[in-house]
């Protein structure tokens, strides 16, 4: 896709903020020809789900309990903010045109009704305690 973009066969590739620096660093010959559009954000729900072996229900319970405790004591949010500080800052910088896309493959209970705004740092409530392995 990057070659197609560089050759102007396509105009745009959506890339996760978590991946863009790594991708551009891995393709230095294209990095000079490509640019980020800092004023456009595409939101596509893609929750992180922990899958646990069906024969390990205790592990699923412990993971869920640990994640819930981390949310309650604030350590989950602190870890999230410190792990994604660069990405959160990119989202906060400047005005954004935001396009919200539906993901028909994600169960409804895991999708937020209203996605977070770039200035909000809280984690969606749907991301904790959902998706236990069954």
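Numbering (this note's numbering), first residue to last: 989 to 1122.
Backbone N, C-alpha and C fix where the C-beta goes; we use that ideal spot for every residue, glycine too.
As the structure is a computational prediction, the values presented were derived from the model and not from experiment.
Along the alpha helix (DSSP H) that carries residue i, what are the first and last residues, could you check?
i            : result
residue 1069 : 1063-1071
residue 991  : 990-994
residue 1017 : 1016-1019
Measure the beta-carbon distance from residue i to residue j and round it to whole angstroms, keeping in mind my assumption that it falls under 8 Å.
i            : j            : result
residue 1084 : residue 1028 : 7 Å
residue 1087 : residue 1031 : 7 Å
residue 1012 : residue 1022 : 7 Å
residue 1040 : residue 1057 : Not quite, the Cβ-Cβ distance comes to about 17 Å (not below 8 Å), so this is no contact.
residue 1018 : residue 994  : 5 Å
Looking at C-alpha atoms only, which residue of the options is the closest neighbour of residue i?
i            : options                   : result
residue 1025 : 1018, 989, 1078 and 994   : 1078
residue 1036 : 1023, 1042, 1044 and 1055 : 1055
residue 1098 : 1033, 1019, 1042 and 1050 : 1033
residue 1009 : 1092, 1072 and 1080       : 1072
residue 1080 : 1042, 1096 and 1069       : 1069
Can you name the start and end residues of the beta strand (DSSP E) that residue i belongs to?
i            : result
residue 1030 : 1028-1031
On the DSSP bridge list, what partners appear for residue i?
i            : result
residue 1088 : 1031
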